[in-house]
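Following: one structure in structure tokens, then a few remarks.
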Amino acid sequence: MISVVIPTLDEEASLPGTIRSCRDAGDCEVIVADGGSRDGTLEVARRLADRVVAAPRGRAHQMNTGAASARGDVLLFLHADTLLPPGGLSAVLAALRDPRVAGGAFRVALRPSPGAGVYARAMLSLTGRMINLRSAVSRSRTGDQAIFLRAETFRELGGYPGIPLMEDVELSRAMRRTGRTVLLPHRVGTSGRRWEAWGPVRTILRMWRLRLGYLLGMAPERCAEIYRRPPFPFTRQLRRAPRSAGGG
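First residue of the sequence shown? That's 304 in the numbering used here, and the numbers climb one at a time after it.
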């Protein structure tokens, strides 16, 4: 059985669709690991998930706590604003039948917000393709891609490191030392809200800066500080101007 672990923090609006996508994707156990939500996330989770656990705030801590309560022999870590594709869980099990495979992830498709213009939709589509190409070439899997692996392997690797950012990069590295990591052809639908808020180009540049900085020795805490900075003011202005953005 696959246990799907979903870390949450104030995800009342996104969580129902995410859990429904898990049910539609195949047979699984859904675990919500909450980091102290103050909206209706817990009510939604208790109604729709198989198990709800409380955890210290922080995606790594929450995912480790959720994994510790999982009953499945396969773990899949899914962001609360990401949708699994139909048949996705069967694809995971098929990939893991190969003992040489340590784990893997999905390709992504960035989902535009309702009412997004033509330019925004085109840029999100292009960005998704770039993410998939980067993952295929580098063999690095990130959290937006719904990382999966055997529960036994996860325990042997010590779970996610307790760092505020880049925990997915570290787990992906550890998986590659254990065996092959696969990139499934199926696409998870990841919310494009961050990309729309920051602007696709600026988001790409920011993420590249963080990834390169981390690889060159930047502390995870410093990476997290940069990541959490608000969008550039003129990016918001561009999003309000349909002519500049090319939207309809």
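We put the CB at the ideal spot given by N, CA and C, even for glycine.
Enumerate, from N- to C-terminal direction, the unbroken beta strand (DSSP E) stretches of 3 or more residues contained entirely within the region 465-526. Annotation note: the region 465-526 contains the following uninterrupted beta strand (DSSP E) runs of length 3 or greater, listed N- to C-terminal: 483-494.
By the three-class DSSP mapping on this structure, what secondary structure does ILE450 have? In the sequence shown, residue 450 corresponds to position 147, counting from 1. Correct three-state label for ILE450: coil.
Whose CA, out of SER324, ARG532, LEU474, lies closest to the CA of ALA383? To locate residue 383, count along the sequence shown from 1; it is residue 80. The option with the nearest alpha carbon to ALA383 is SER324.
Cut-off 6 angstroms between Cβ atoms - residues of its own chain near LEU381, not counting five sequence neighbours on either side: Translated into positions along the sequence shown, residue 381 becomes position 78. Non-local beta-carbon contacts of LEU381 in its own chain, meaning distances under 6 angstroms to residues more than five positions away in sequence, involve VAL307, ILE309, ALA449 in chain order.
In whole angstroms, give me the CA-to-CA distance for PHE537 and ARG476. The residue you call residue 537 lines up with position 234 of the sequence shown. The residue you call residue 476 lines up with position 173 of the sequence shown. In this predicted model, PHE537 has a pLDDT of only 35, less than 50, meaning its place in the structure is not dependable enough to derive any value.
For GLY407, count neighbouring C-beta atoms within 10 Å of its own C-beta (all shown protein chains included) and say buried if the count is 16 or more, exposed if not. Here residue 407 refers to the residue found at position 104 of the sequence shown. So GLY407 counts as buried.
For PHE457, which option in SER340, ALA363, MET433 has the closest C-alpha, if you only look at C-alpha atoms? As a first step, residue 457 must be located in the sequence shown, where it is residue number 154. Of SER340, ALA363, MET433, the residue nearest in Cα terms is ALA363.
Is ARG532 helix, strand or coil when you go by DSSP? Looking up residue 532 in the sequence shown gives position 229. In this structure, ARG532 counts as coil in the three-state DSSP scheme.
Going straight from the alpha carbon of ALA357 to that of TYR463, what length do you get? To locate residue 357, count along the sequence shown from 1; it is residue 54. To locate residue 463, count along the sequence shown from 1; it is residue 160. About 17 angstroms.
Going along the chain, which residues of its own chain have a beta-carbon closer than 7 angstroms to the beta-carbon of GLU315, five neighbours each way excluded? Translated into positions along the sequence shown, residue 315 becomes position 12. For GLU315, where only same-chain residues beyond five positions count, the Cβ hits under 7 angstroms are ASP342, GLY343, THR344, VAL347.
So, helix, strand or coil for ARG442, using DSSP? Taking the sequence shown and counting its residues from 1, one reaches residue 442 at position 139. In the structure shown, ARG442 sits in coil (DSSP, three-state: anything other than H, G, I, E or B).
Do you know offhand how far ASN435's Cα is from ARG442's? As a working mapping, residue 435 is identified with position 132 in the sequence shown. As a working mapping, residue 442 is identified with position 139 in the sequence shown. For ASN435 and ARG442, the distance between alpha carbons rounds to 10 angstroms.
Among all the DSSP beta bridges, which residues are the ones paired with SER300? What is shown of the chain runs 304 to 551, which leaves residue 300 out entirely.
Nearest-angstrom Cβ-Cβ length linking ARG480 and VAL404, presumed shorter than 8 angstroms: In the sequence shown, counting from the first residue as 1, residue 480 sits at position 177. In the sequence shown, counting from the first residue as 1, residue 404 sits at position 101. 14 angstroms between Cβ atoms; not a contact.
Where PRO310 sits in the DSSP three-state scheme: In the sequence shown, the residue the question calls residue 310 occupies position 7. Judged by DSSP in its simplified three-state form, PRO310 adopts strand.
So LEU351 and VAL377 are in contact, right, with Cβ under 8 angstroms, and what is the actual spacing, rounded? Translated into the one-based positions of the sequence shown, residue 351 becomes position 48. Translated into the one-based positions of the sequence shown, residue 377 becomes position 74. Incorrect: roughly 21 angstroms between the Cβ atoms, too far for contact.
What do you reckon, are the CB atoms on THR311 and ASP353 nearer than 8 angstroms? In the sequence shown, counting from the first residue as 1, residue 311 sits at position 8. In the sequence shown, counting from the first residue as 1, residue 353 sits at position 50. No.
Would the beta-carbon of ALA582 fall within 8 angstroms of that of GLY391? The requested residue 582 is not part of the displayed model; the chain covers only 304 to 551.
How far does the beta strand (DSSP E) with GLY418 in it extend, from its first residue to its last? Counting from one through the sequence shown, the residue named residue 418 turns up at place 115. Note, GLY418: premise wrong, no beta strand (DSSP E); not H, not E.
ALA370 versus ARG400, PRO388, ASP401, VAL333, residue with shortest Cα-Cα distance: Within the sequence shown, residue 370 is the residue found at index 67, counting from 1. Nearest option by C-alpha distance: VAL333.
Run through the region 344-408 for me and flag every whole beta strand (DSSP E) of 3 or more residues, listed as ranges in chain order. The qualifying runs are 354-357, 377-380.
I think LEU399 touches ARG453, with their Cβ atoms under 8 angstroms apart; what is that distance to the nearest whole Å? Indexing the sequence shown from 1 puts residue 399 at position 96. Indexing the sequence shown from 1 puts residue 453 at position 150. Their Cβ separation, rounded to whole angstroms, is 6 angstroms, which keeps LEU399 and ARG453 in contact under 8 angstroms.
If you measure between the beta carbons of VAL411 and ARG490, is that distance less than 8 angstroms? Looking up residue 411 in the sequence shown gives position 108. Looking up residue 490 in the sequence shown gives position 187. Yes; because the gap between Cβ atoms is below 8 angstroms, this pair is in contact.
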